[in-house]
Amino acid sequence: MLKELSSRKILTDVASDILMYSVKSTYILEAYPEADVFVAGKPCDCDVVVECQVGDPTSLEVKLTNQSKCTVGPFALTVIPYQDYQNGVHNNDLGNAVTLIGSNTFYIDAVKPTEDFVCSGTLLFLYAGDYYLNIKFHDDNSSRELPLSWFCLPSVHVRAMDPAQHTMF
């Protein structure tokens, strides 16, 4: 009988800990904005390649949607273009290949509950190739614990194509 009671106590404690962790995780995940990325007006994620033309300005939008009951912020959002050589090596030094017109960092004071905030910029690809955009969020308040997945969005794949190579006769 005593052994059965102690087993129940352990199970109850474990279940309570799991429930507490689940509630905390749900609160943290719901408390921060959701991000949608658009390149050339098309929605992007890690599975979709967006095509654009070399030399044409290409719009970039990152839309934050706050689905919580609290205002969130301040945050900073940074866009870093790079090339992936498919062997684990990333080339971040693309000064002559990709230009971000304006700043590559956006500062966001606050996003109110149920509202959106859109960061808009323009990319200019000077050479044909496959590029990726690494979009990072930086929390200006170090006392909060935020989910890492929110700060490490999947990279956006953009294929810059040379218009001379793709003309149809």
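Numbering-wise, our numbering puts 129 at position 144 of the sequence shown, and it's gapless, one number per residue. Ideal placement from N, C-alpha and C gives every residue a C-beta, glycine not left out.
Candidates the options, of which the one nearest residue i by Cα
i, options, result
"G87", "D115, T43, Y70 and N77", "T43"
"L118", "V143, A149, G80 and F102", "V143"
"C55", "T84, V22, Y116 and E100", "E100"
"L109", "V64, G40 and V24", "G40"
"Y116", "E46, V57, N51 and T84", "T84"
"P148", "V24, E36 and A95", "E36"
"T107", "A113, N89 and P59", "N89"
"M146", "H75, K121 and G114", "G114"
"V82", "P59, E46 and I65", "In the sequence as presented, Val is not what sits at residue 82; that position holds Ala. The option with the nearest alpha carbon to A82 is I65."
"S140", "D78, A95, T63 and V96", "T63"
"F60", "V96, L45, E46 and S53", "V96"
With 16 other Cβ atoms within 10 Å as the buried cut-off, status of residue i
i, result
"H196", "Residue 196 lies beyond the range of the chain shown here (-14 to 154); nothing can be said about it."
"Y92", "exposed"
"G80", "exposed"
"Y12", "Here Y12 scores only 37 on pLDDT, less than 50, and its place in the model should not be relied on; the value that follows carries that caveat. So Y12 counts as exposed."
Rounded straight-line distance, which links the Cα of residue j to that of residue i
i, j, result
"A20", "L111", "27 Å"
"F102", "Q38", "28 Å"
"V57", "N51", "8 Å"
"P98", "H75", "37 Å"
"K27", "N77", "24 Å"
"Y67", "I120", "11 Å"
"D94", "A25", "26 Å"
"S53", "C104", "20 Å"
"E46", "V22", "6 Å"
"L4", "K48", "Confidence in L4 is poor, its pLDDT being 37 and thus under 50, which makes the residue's placement too unreliable to answer from."
I'd like to know if the stretch 61 to 75 and the stretch 25 to 40 are in contact, where contact means that at least 3 CB-CB pairs between them fall below 8 Å. no
Which whole runs of the beta strand (DSSP E) in the stretch 55 to 107 are 3 residues long or more, in chain order? 60 to 69, 83 to 86 and 90 to 93
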